[in-house]
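Residue numbers (the UniProt record's numbering): 1 to 300. Cβ coordinates follow ideal geometry from the N, Cα and C atoms, glycine included. In this text the structure is predicted, and so the values were computed from the model without any measurement. Read the structure below first, then the notes.
Written out as structure tokens, the structure reads:
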């Protein structure tokens with residue numbers, strides 16, 4: 001490797017020429033083409049993700065919270081209980097938005113600087129807050145009356161979503177209430193919210209009876225899908241083996257099918273008139289969709 005000493009003025013001219021070649025903005029000068037692009041600085045790959053956006057928002061809110069106080073015990077417990085509710089993630093997120101004040105009702109839009117009349121479109125009698133829309137509007141009260149869910153003795157709170165959700169969570173844990181009623185409240189809130197939006201945006205008025213029945217149906221279907229046990233109740237039959245005639249052999253087959261895993265096991269055994277085993281075998285199959293199909297595999 002050779003090393004050469006260069007005059008300072010030559011180094012300065014070279015540096016200037018390189019800078020002119022790289023960074024010049026003149027149209028007639030040849031230079032390296034630089035392209036501007038957007039880059040999100042809060043992920044390793046430089047692309048925006050919803051998760052990183054939420055984390056940044058939470059970090060900003062935490063920094064702006066001068067008091068830096070933790071949540072009260074009751075509210076902290078409620079947040080934890082909400083995420084433990086047995087319901088689809090979409091419904092859990094909806095409950096989180098309701099408690100966080102993140103549903104697009106008129107009162108919340110006004111706080112965002114949108115000039116709207118905050119009178120409730122459902123009843124025209126009160127301000128359209130999240131608590132009013134979900135619990136206290138005449139249409140909402142009609143749905144709750146039909147839902148058969150035990151209500152607070154003094155009725156739902158008119159100002160606190162937190163207190164109303166605390167009550168619904170207590171009902172979901174009450175063993176003295178029918179199981180279908182215990183678990184339906186996330187679907188009831190969700191179906192009513194959808195019905196309310198259909199009225200506002202599509203001018204489609206839903207029957208409260210349909211809203212309630214649809215909530216119960218959706219809850220039942222979801223629970224069935226989680227358990228995967230949509231089978232008839234087992235019945236026990238006393239079985240005994242009968243030997244074949246003298247000089248004959250008898251083949252017995254059996255199958256067992258599991259709906260949750262869509263699999264089955266089959267077996268067969270060949271015995272003579274004295275009950276002695278001559279041959280036997282067993283095998284497992286996957287992607288079997290019914291007990292009848294499992295029985296057919298046993299015959300193969």
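Is the beta carbon of residue 186 less than 8 Å from the beta carbon of residue 85?
-> yes
Going by C-alpha distance, which of 271, 272, 292 and 147 is nearest residue 265?
-> 292
For residue 280, name the three-state secondary structure that DSSP assigns.
-> Correct three-state label for residue 280: strand.
Nonlocal neighbours in the same chain, by C-beta distance under 6 Å from residue 126, ignoring five residues either side | These residues qualify, in order along the chain: 120 and 132.
Status (buried if at least 16 other CB within 10 Å, exposed otherwise) for residue 290 = Residue 290 counts as exposed, since fewer than 16 other beta carbons sit within 10 angstroms of its beta carbon.
Whole angstroms is fine: what's the gap from residue 267's alpha carbon to residue 288's?
-> 15 Å
Any Cβ of chain B within less than 8 Å of the Cβ of residue 102?
-> Structure shown: chain B not included; a single protein chain is present.
Find out if the Cβ-Cβ distance for the pair residue 181, residue 148 is shorter than 8 Å.
-> yes
Would residue 184 pass as a contact of residue 177 if the rule is Cβ separation under 8 Å?
-> no
How about residue 92 and residue 82: are their beta carbons less than 8 Å apart?
-> yes
Please look up how many angstroms separate the CB atoms of residue 207 and residue 255, rounded, as I've assumed it's under 8 Å.
-> Separation of the CB atoms of residue 207 and residue 255 is rounded to 46 Å, and the pair is thereby denied contact status at 8 Å.
Would you mind reading off the limits of the beta strand (DSSP E) that contains residue 266?
-> 263 to 272
Find the nearest neighbour of residue 205 within the set 116, 191 and 49, judged by alpha-carbon distance.
-> Closest by alpha carbon: 191.
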